[in-house]
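Asks:
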Amino acid sequence: MYYFDYTYVIFMLPCIILSLICQVRVKSAFSQYGKVPNSRRMTGAQAAEYVLRCNNVTGVRIEHVEGNLTDHYDPRTNVIRLSDAVYNATSVAAVGVAAHEAGHAVQTALHYFPNKVRSAILPAAKLGSGLSWILIVVGFLFSYGSTTSVGLYILYAGIILFSASVLFTVATLPVEFDASRRALKCIRETNLLSQEEYSGAKSVLTAAAMTYVASALTSIMQLLRLLLLARRRR
């Protein structure tokens with residue numbers, strides 16, 4: 012007899028659909044504005060440097076990294092790494108993405124508190140993402156049809172570890188939104204882009220931000236699902 016897990020349909024399926032929609036929107040927005048050159052012909056690398064100067068931040072290296080949409084800021088080495096479609100590109104999308112990554116460097120320089128909170132959670136989140144599912148699976152196996160509580164203890168230990176990774180995805184939201192806010196503020200106040208170009212850069216960053224919202228929502232719903240399943244095991 013087959014077992015149908017209705018909790019997956021209720022909790023996870025809508026999140027998966029939302030995540031796919033967000034991913035499509037990001038690629039669509041970047042593709043659209045990746046074909047629109049900015050009026051200043053400024054490259055992504057130059058835009059990142061511009062935002063850093065705008066915020067009086069020095070000592071940050073800007074490097075090229077291979078890949079598509081692999082742009083990121085590494086706080087450990089204080090390096091902004093920009094992908095093939097951003098580093099030397101002069102598109103509106105490239106400026107927006109590069110400015111966003113520079114926004115993260117500004118956060119580090121200004122000791123932005125939510126950034127510190129996320130960094131503090133990171134070790135536990137890494138441990139949780141690697142170990143939690145092993146404990147959860149073992150816990151479910153040992154708690155099925157068992158008269159002891161050992162399986163449940165293992166299961167809840169896994170859920171607690173998983174909660175750390177959920178907390179990290181939630182803590183990421185204010186950091187990502189603030190980086191975009193700083194980037195767009197610099198672009199707008201210094202007229203780095205025209206009004207139409209600014210709207211395009213904002214569309215790209217807004218679409219990217221929604222992927223983090225979808226990720227956080229997916230993690231939260233997965234946690235609620237696990238708690239429900241654990242309660243049924245009791």
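Counting the sequence shown from 1 gives a position; the numbering used here is that position plus 11. For every residue, glycine included, the Cβ atom is placed at its ideal position computed from N, Cα and C.
1) Compare the beta carbon distance of residue 282 and residue 125 with 8 Å and say whether it is the shorter of the two.
2) Roughly how many whole angstroms lie between the Cα atoms of residue 173 and residue 234?
3) Which same chain residues end up closer than 7 Å to residue 97 when comparing Cβ atoms and leaving out the 5 residues on each side of it in sequence?
4) Which runs of the alpha helix (DSSP H) fall wholly inside the region 72-112 and span at least 4 residues, in chain order?
5) By a C-beta neighbour count over all protein chains shown, 10 Å radius and 16 as the cutoff for buried, is residue 161 buried or exposed?
6) Should the region 29-49 be called in touch with the region 209-217, which here means at least 3 C-beta pairs below 8 Å?
7) Counting C-beta neighbours from all protein chains within 10 Å, is the total for residue 21 16 or more, i.e. buried, or is it exposed?
8) Could you compute how far the alpha carbon of residue 13 sits from the alpha carbon of residue 151?
9) Look up residue 13 in the DSSP assignment and say whether it is helix, strand or coil.
10) From which residue to which residue does the alpha helix (DSSP H) around residue 232 run?
11) Of the choices 46, 92, 134 and 224, whose alpha-carbon is the least far from that of residue 78?
Replies: According to the structure data:
1) Not covered by the structure: residue 282. The range shown for the chain is 12 to 245.
2) What you label residue 173 is simply residue 162 of the sequence shown in a count that begins at 1. What you label residue 234 is simply residue 223 of the sequence shown in a count that begins at 1. Rounded to whole angstroms, residue 173 to residue 234 spans 7 Å at the Cα level.
3) Indexing the sequence shown from 1 puts residue 97 at position 86. The residues are 55, 82, 105, 108 and 109.
4) none
5) In the sequence shown, the residue the question calls residue 161 occupies position 150. Looking at its Cβ environment, which holds fewer than 16 other Cβ atoms inside 10 Å, residue 161 is exposed.
6) Because the criterion of three Cβ pairs below 8 Å is met, the region 29-49 and the region 209-217 touch.
7) On the sequence shown, residue 21 is found 10 positions in, with the first residue counted as 1. Exposed: under 16 other Cβ atoms inside 10 Å.
8) As a position in the sequence shown, residue 13 is number 2, starting the count at 1. As a position in the sequence shown, residue 151 is number 140, starting the count at 1. Only weak support is given to the placement of residue 13: the predicted model assigns it a pLDDT of 48, under 50, and the value that follows is read from those uncertain coordinates. Each residue's alpha carbon lies about 17 Å from the other.
9) If you number the sequence shown from 1, residue 13 lands on position 2. Here residue 13 scores only 48 on pLDDT, less than 50, and its place in the model should not be relied on; the value that follows carries that caveat. Coil.
10) Along the sequence shown, one-based indexing puts residue 232 at 221. Counting along the chain, the alpha helix (DSSP H) containing residue 232 begins and ends at 206-244.
11) The sequence position of residue 78 within the sequence shown is 67, counting from 1. Cα-wise, what sits closest to residue 78 is 92.
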